[in-house]
Amino acid sequence: MYATAIVRGNVVRFRLPDALARAHKRNAGKTMTARQAVEFVEARRRELALRRAQPYLEGRS
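Letter by letter, the sequence shown follows residues 150 to 210 of this note's numbering.
Right, here's the structure in full:
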């Protein structure tokens, strides 16, 4: 499967690795609402922030 992307104003076509092509086909037609997208991004942000703060929080206990 080939993908197309715009990189620095140029259209670039490239071959997707097999695993990404399978995931792309598996997720075809699935969409998120704006609210779901925001909740997903915020959950990932909180998870990363907690992981980074863990050594600090352990030292404070």
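Glycine included, each C-beta is placed from N, C-alpha and C at the ideal position.
Remember, predicted model here, so these are calculated numbers, not experimental data.
In the three-state reduction of the DSSP assignment, Arg157 falls in the coil class. Counting only the Cα atoms, Arg195 lies some 20 Å from Thr182. Note on geometry: alpha-carbon atoms of Pro204 and Phe189 lie some 25 Å from one another.
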